[in-house]
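Chain order of the listed sequences is A and B. Its first residue numbered 234, the first sequence is counted upward by one per residue in our numbering. Its first residue numbered 153, the second sequence is counted upward by one per residue in our numbering. The C-beta atom is built at its ideal place from N, Cα and C for all residues, glycine as well. Read through the structure below, which is laid out as structure tokens, and then see the notes.
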Amino acid sequence: MRRKHRRLAVVATVALAASVALTGCGRDSGGGGEQARPVGEGRASGDITVWAMGAEGEKLADFAKEFSTENPDAKVSVTAVPWDAAHQKIASAIAAKQTPDVSMIGTTWQGEFARTGALDPTPDIVKKDDFFPGAWDTTLVDNTSYGVPWYVETRLIYYRKDLAAQAGFPDAPKSWDELKAMARGMKEKAGATWGLNLQPGKTGSWQSVLPFAWSNGATVATQDALTFDNPEFTEALAYYQSFFTDGLSPTDLPEGSLEPGFVKGEIGAFISGPWHVGILNEQGGAGFADRYAVAPMPMRKSSTSFIGGSNLAVFSDAENRDGGWKFVQWLSRPEVQVKWYDAVKDLPAVQSAWDDPKLSGDPFLATFGRQLDNAKAPPAIPTWEQIAAAFDIEVEKLCKSNTDPAATAKAIQEKAGAIGTGS
Amino acid sequence: MASAPTATAPARPTGATAPDRPAGAVRRRQRLRRALTGWAFSTPFAVLFLVFMAVPVVVSLVMSFTDLRSTDLRNPLAVNFVGLDNYARLFGDDLFLRSSVNTLVFVAVGVPLTIVLALAAAVALNSGLVRFRALFRVGFYLPVVTSIVAIAVVWRFLLDPEVGLVNNLLRLVGVDGPSWLFDPKLALPSLIVMAAWRNLGFLMVIFLAGLQTVPAELYEAATLDGATRWQQFRRLTLPLLRPTLLFGGVVTGIGYLQLFEEPFVMTQGGPLSSTLSVSYHIYNQFGFGNYGYAAAGSYVLFVAIVGLSLVQFRLLGSRD
Chain A
234 MRRKHRRLAV VATVALAASV ALTGCGRDSG GGGEQARPVG EGRASGDITV
284 WAMGAEGEKL ADFAKEFSTE NPDAKVSVTA VPWDAAHQKI ASAIAAKQTP
334 DVSMIGTTWQ GEFARTGALD PTPDIVKKDD FFPGAWDTTL VDNTSYGVPW
384 YVETRLIYYR KDLAAQAGFP DAPKSWDELK AMARGMKEKA GATWGLNLQP
434 GKTGSWQSVL PFAWSNGATV ATQDALTFDN PEFTEALAYY QSFFTDGLSP
484 TDLPEGSLEP GFVKGEIGAF ISGPWHVGIL NEQGGAGFAD RYAVAPMPMR
534 KSSTSFIGGS NLAVFSDAEN RDGGWKFVQW LSRPEVQVKW YDAVKDLPAV
584 QSAWDDPKLS GDPFLATFGR QLDNAKAPPA IPTWEQIAAA FDIEVEKLCK
634 SNTDPAATAK AIQEKAGAIG TGS
Chain B
153 MASAPTATAP ARPTGATAPD RPAGAVRRRQ RLRRALTGWA FSTPFAVLFL
203 VFMAVPVVVS LVMSFTDLRS TDLRNPLAVN FVGLDNYARL FGDDLFLRSS
253 VNTLVFVAVG VPLTIVLALA AAVALNSGLV RFRALFRVGF YLPVVTSIVA
303 IAVVWRFLLD PEVGLVNNLL RLVGVDGPSW LFDPKLALPS LIVMAAWRNL
353 GFLMVIFLAG LQTVPAELYE AATLDGATRW QQFRRLTLPL LRPTLLFGGV
403 VTGIGYLQLF EEPFVMTQGG PLSSTLSVSY HIYNQFGFGN YGYAAAGSYV
453 LFVAIVGLSL VQFRLLGSRD
């Protein structure tokens, strides 16, 4: 028996290796420069299969019923996918050509999946100018769009108004120097343990660092170049690091202690996205909403924040491609975006949706809306997640073992250069 | 196809053979039927084994010699054969080297620690000195059947620098405890202790079973000869337990070389990559879509596991 198996294994290996070797004379670049096909006129029809993650996956099925009232011949079937499993599930579906018609795509996955050639270029029934430019950029791979921004988020400075006043900043800090001085004042005059919480490395810390680099005028990554080793980026790293070396930011804040620390006044400020408003109001109890505020990223050459969120893409193997795009277009209508905000609190990616008083009337949200006009995302390159992981590791060294910022910039450049842009 | 009763099975005396047919033809037909029966029973297993075990193993080995990435999924034939490039790259990858060192430290400290603790627990429970044996047995075994996620929550609480039980106890005796999981020097040792605690129960049960196979007369004889308890343990228990120890060592060694869950749920490989393990690194590479590279890492780990097991067989295996 053993010998038989071995022979079979050899045959299989040879067959596989041969097929790989014979045909493997050059990587098919796939994706990029494709022409979008038009979408048929009229109402949508047929079954439209959609994959969605997280809270969106739970709520979308109910929400889509309204689409079916407008398009009686169309039925939307939503499959809820957990975020943890989503990347693998989509990758497997692409390999097996068993994709749904539409799926939510994490903004940093856009490049990877578009490169497989499995995503359909965005047709012109969706208008680029309707969206926040930073959000639209996340759909672009080699200047071709492969999806539509669905919802967005961006980062602001959350600060305790009472502590800021004692520190001498009754209004929000407006520049790098003011942010630093406020953090120092909160610690030294207002009795906070930490002036400003910043991520000391770990997953996603690049999202905290890049806004400072962008605000300082650095261009660190484009579709075809990775340029982390430049003076503007190094200066931003030095500024970021100084909060740790000056003892204004904690290097090892245990998980889950940020919000209680902020409520107790032990942490004076932190940088985060819109989801923290709800968490703070719940943990702080009645009246706490009056004791803190949000402010745009501090000005240097610009006040640029990070834009995140999620996109919607239609697959080129979709059975109901036209129906899929019609559903995506419907979700991108301003009034539908406002309704979707009502349902799950996702911030609209469509700019005109923000004119609705539900959003523009809320002081917290209005600030997020203004910051969205000046927010950037990394380019949609297939290797971004891997570059970001290397970035996170170097940031951790910068914050915890006091590495020289110039050396950090160089190390990130070397790692990122070795990984490449995947093209 | 292995154990199925094929044509070589001993011929049973056959019952009624039709008198008008020559006996040879009947026997041949019967042999054929038996052979077919054998194949019928073993084919489902063989097919499942091929599809779910043999083929994936072979494919992943082939994959490790290619530059397959997730972006090639729709067009796997566009992948290039790169020979040993992935393997060469592994040894220039400082995260892979770092994770290898971490994993080796984990094995070198964790395996002996777990075995000694489990053996001590097993001997104590077996000796009759301990009361409420059933209670202790269950107590030691409980971590084995508890989900690692629940364990992580409890251990993170225990090791929390501010409110954790460990540091609160240290504070009672006037020591300012460190932040166990956030200190690059202490995170890996903390995980080793946690893993030893978690795996102790399983080994203890195995050792207990081994201890109970040692005949009581041997101890009686030894006692009559004036051997102390320690001498009995050294000269009697340990040698007789050698096969059990070998099994325990190999199983624990494999488990610790494949270390993944503890760093994944407790530290995400940090701080400063101090708890990144080889498996975790491979997992990340699969996540980044570097399938060929990750497959190469898996085979390096596989070779390390075979190597460690061979060493253990050499050291503890039977010397008859």
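Practice item. Please confirm if A/Ala254 has its CB atom under 8 Å from at least one CB of chain B. Key: One-based indexing of the first sequence puts residue 254 of chain A at position 21. Since pLDDT at A/Ala254 reaches only 43, below the 50 mark, its modelled position is unreliable, and the value read off the structure follows with that caveat. Yes - at least one Cβ of chain B is within 8 Å of the one on A/Ala254.
Check your understanding: If the cut is a Cβ gap below 8 Å, which residues of chain A does B/Phe334 touch?
Key -> Position 182 of the second sequence, counted from the first residue, corresponds to residue 334 of chain B. The contacting residues are Thr484, Asp485, Pro487.
Check your understanding: Which full runs of the alpha helix (DSSP H) of 4+ residues lie inside the stretch 254-328 of chain B, going along the chain?
Key -> Segments of the alpha helix (DSSP H) lying fully in the stretch 254-328 of chain B: 285-297, 300-310, 317-324.
Review point. To which residues does DSSP link A/Val374 through a beta bridge?
Key: Position 141 of the first sequence, counting from 1, holds the residue named residue 374 of chain A. DSSP, once it has assigned bridges, lists A/Thr377 as partnering A/Val374.
Review point. In chain order, what residues of the same chain lie with their CB nearer than 8 Å to the CB of A/Ser593, ignoring the 5 residues before and after it?
Key: Reading the first sequence from its first residue, position 360 is the one you call residue 593 of chain A. Excluding positions up to five away in sequence, the list reads Trp587, Ala599, Gly602.
Review point. Alpha carbon to alpha carbon, what distance is there between A/Glu421 and A/Asp479?
Key: As a position in the first sequence, residue 479 of chain A is number 246, starting the count at 1. As a position in the first sequence, residue 421 of chain A is number 188, starting the count at 1. Approximately 12 Å, taken between the alpha carbons.
Check your understanding: Would you say the stretch 376-392 of chain A touches the stretch 457-465 of chain A, given that touching needs at least three Cβ pairs under 8 Å?
Key -> Fewer than three beta-carbon pairs drawn from the stretch 376-392 of chain A and the stretch 457-465 of chain A are found closer than 8 Å, and the two stretches are therefore not classed as touching.
Check your understanding: What is the DSSP secondary structure of A/Ala254, counted as helix, strand or coil?
Key -> Position 21 of the first sequence, counted from the start, is the residue given in the question as residue 254 of chain A. Because the pLDDT of A/Ala254 is 43, which lies under 50, any placement of that residue in the model is unreliable, and the number read from its coordinates should be weighed accordingly. Three-state result, A/Ala254: helix.
Point to revise | Pairwise C-alpha distance: B/Met418 and B/Ala304 | key: Numbered from 1 along the second sequence, position 152 holds the residue referred to as residue 304 of chain B. Numbered from 1 along the second sequence, position 266 holds the residue referred to as residue 418 of chain B. Their backbone Cα atoms lie some 6 Å apart in a straight line.
Check your understanding: Quick one: does B/Leu424 have its CB under 8 Å from some CB of chain A?
Key -> What you label residue 424 of chain B is simply residue 272 of the second sequence in a count that begins at 1. Under the Cβ distance rule, B/Leu424 counts among the residues neighbouring chain A, one pair being separated by less than 8 Å.
Review point. Residues of chain B with CB under 8 Å from A/Thr436, in chain order?
Key: Your numbering for residue 436 of chain A matches position 203 in the first sequence. What A/Thr436 touches in chain B: Gln420.
Review point. Using the beta-carbon count (16 or more within 10 Å), is A/Met286 buried or exposed?
Key: By 1-based counting over the first sequence, the position of residue 286 of chain A is 53. Buried, because 16 or more other Cβ atoms sit within 10 Å of the Cβ of A/Met286.
**Study point:** Three-state class that DSSP yields for A/Ala248 in the structure shown
**Key:** As a first step, residue 248 of chain A is located in the first sequence; it is residue number 15 there, counting from the start. Because A/Ala248 sits at a pLDDT of 46, beneath the cut-off of 50, its placement in the model cannot be relied upon, and the point is left open.
**Study point:** Alpha carbon of B/Leu225 to alpha carbon of A/Ile614, nearest angstrom
**Key:** Residue numbering aside, residue 225 of chain B sits at position 73 when the second sequence is read from its first letter. Residue numbering aside, residue 614 of chain A sits at position 381 when the first sequence is read from its first letter. Approximately 16 Å, taken between the alpha carbons.
Check your understanding: Distance, Cα to Cα, A/Cys632 vs A/Thr349?
Key -> Start at 1 with the first residue of the first sequence, and residue 632 of chain A comes out as number 399. Start at 1 with the first residue of the first sequence, and residue 349 of chain A comes out as number 116. About 37 Å.
**Study point:** Burial state of A/Val309 (16 or more Cβ within 10 Å)
**Key:** Sequence index remark: in the first sequence, residue 309 of chain A carries index 76 (1-based). That one is buried.
**Study point:** According to DSSP, residues forming a beta bridge with A/Lys609
**Key:** Counting from 1 along the first sequence, the entry for residue 609 of chain A is found at position 376. Its beta-bridge partners are A/Phe539.
Practice item. Assuming A/Ala642 contacts A/Leu470 (C-beta within less than 8 Å), just tell me the rounded distance between them. Key: As a first step, residue 642 of chain A is located in the first sequence; it is residue number 409 there, counting from the start. As a first step, residue 470 of chain A is located in the first sequence; it is residue number 237 there, counting from the start. Indeed they touch by this definition, with Cβ atoms about 6 Å apart.
**Study point:** CA-to-CA distance, A/Ser490 to A/Gln516, given in whole angstroms
**Key:** Residue 516 of chain A sits at position 283 when you count from the first residue of the first sequence. Residue 490 of chain A sits at position 257 when you count from the first residue of the first sequence. A/Ser490 has its alpha-carbon roughly 11 Å from the corresponding atom of A/Gln516.
Practice item. Entirely within the stretch 379-436 of chain B and at least 4 residues each: give me those alpha helix (DSSP H) ranges in chain order. Key: Fully enclosed alpha helix (DSSP H) runs of 4 or longer: 381-384, 394-409, 413-418.
Review point. Since B/Leu398 and B/Ile267 are thought to touch, with beta carbons under 8 Å apart, how far apart are those beta carbons, to the nearest angstrom?
Key: Looking up residue 398 of chain B in the second sequence gives position 246. Looking up residue 267 of chain B in the second sequence gives position 115. Incorrect: roughly 11 Å between the Cβ atoms, too far for contact.
Check your understanding: Any Cβ of chain A within less than 8 Å of the Cβ of B/Glu314?
Key -> Here residue 314 of chain B corresponds to residue number 162 of the second sequence, with the count starting at 1. Chain A contact via Cβ: present.
Check your understanding: If you pair each beta-carbon of the stretch 320-329 of chain B with each one of the stretch 373-391 of chain B, do three or more pairs fall below 8 Å?
Key -> Contact between the stretch 320-329 of chain B and the stretch 373-391 of chain B is absent, because fewer than three Cβ pairs lie under 8 Å.
Review point. Contact check, B/Ser426 vs B/Ala348 under 8 Å by CB: the rounded distance?
Key: As a position in the second sequence, residue 426 of chain B is number 274, starting the count at 1. As a position in the second sequence, residue 348 of chain B is number 196, starting the count at 1. Wrong, their Cβ atoms sit about 18 Å apart, outside the cutoff.
Check your understanding: Are the Cβ atoms of A/Pro694 and A/Gln268 separated by less than 8 Å?
Key -> Residue 694 of chain A falls outside the range modelled here, since chain A spans only 234 to 656, and no answer is possible.
Review point. Given a limit of 9 Å on CB to CB distance, which residues of the stretch 446-472 of chain A reach chain B?
Key: Answer in chain order: no residues at all.
Review point. To which residues of the same chain is B/Arg250 closer than 8 Å at the C-beta, ignoring the five residues directly before and after it?
Key: Taking the second sequence and counting its residues from 1, the one referred to as residue 250 of chain B is at position 98. Contacts found: Ser425, Leu428.
**Study point:** Assumed close pair A/Val374, A/Gln343 - CB separation to whole angstroms, cut-off 8 Å
**Key:** Looking up residue 374 of chain A in the first sequence gives position 141. Looking up residue 343 of chain A in the first sequence gives position 110. Between A/Gln343 and A/Val374 the Cβ distance is about 7 Å, and since that is below 8 Å, they are a contact.
Check your understanding: Of the residues that make up the stretch 339-358 of chain A, which ones have a beta carbon closer than 7 Å to any beta carbon in chain B?
Key -> Within the stretch 339-358 of chain A, the qualifying residues are Glu345, Arg348, Thr349, Gly350, Ala351.
Review point. What is the DSSP secondary structure of A/Asp595, reduced to helix, strand or coil?
Key: Sequence index remark: in the first sequence, residue 595 of chain A carries index 362 (1-based). The answer is coil: DSSP assigns A/Asp595 none of H, G, I, E or B.
Practice item. Note the first and the last residue of the continuous alpha helix (DSSP H) segment covering A/Arg417. Key: Mapped onto the first sequence, residue 417 of chain A falls at position 184. Segment 409-421, the alpha helix (DSSP H) holding A/Arg417.
Check your understanding: Between A/Lys555 and A/Gly339, is the Cβ-Cβ spacing less than 8 Å?
Key -> Working through the first sequence from its first residue, we reach residue 555 of chain A at position 322. Working through the first sequence from its first residue, we reach residue 339 of chain A at position 106. The question names Lys, but residue 555 of chain A in the sequence shown is Asp. Taking 8 Å as the Cβ cut-off, A/Asp555 and A/Gly339 do not qualify as a contacting pair.
Check your understanding: Cβ of A/Lys497 less than 8 Å from any chain B Cβ?
Key -> On the first sequence, residue 497 of chain A is found 264 positions in, with the first residue counted as 1. Not one beta carbon of chain B lies nearer than 8 Å to the beta carbon of A/Lys497.
Practice item. Using a threshold of 8 Å, state whether the C-beta atoms of B/Ser216 and B/Ala373 are closer than that. Key: What you label residue 216 of chain B is simply residue 64 of the second sequence in a count that begins at 1. What you label residue 373 of chain B is simply residue 221 of the second sequence in a count that begins at 1. No. Outside cutoff.
Review point. Whose C-beta lies closer than 7 Å to the C-beta of B/Ala456 among residues of the same chain, with five residues either side of it excluded?
Key: Working through the second sequence from its first residue, we reach residue 456 of chain B at position 304. Within the same chain, B/Ala456 has close Cβ partners Leu409.
Check your understanding: With A/Glu345 and B/Thr218 assumed to form a contact (beta carbons below 8 Å), what rounded beta-carbon distance in angstroms separates them?
Key -> Numbered from 1 along the first sequence, position 112 holds the residue referred to as residue 345 of chain A. Numbered from 1 along the second sequence, position 66 holds the residue referred to as residue 218 of chain B. Not quite, the Cβ-Cβ distance comes to about 18 Å (not below 8 Å), so this is no contact.
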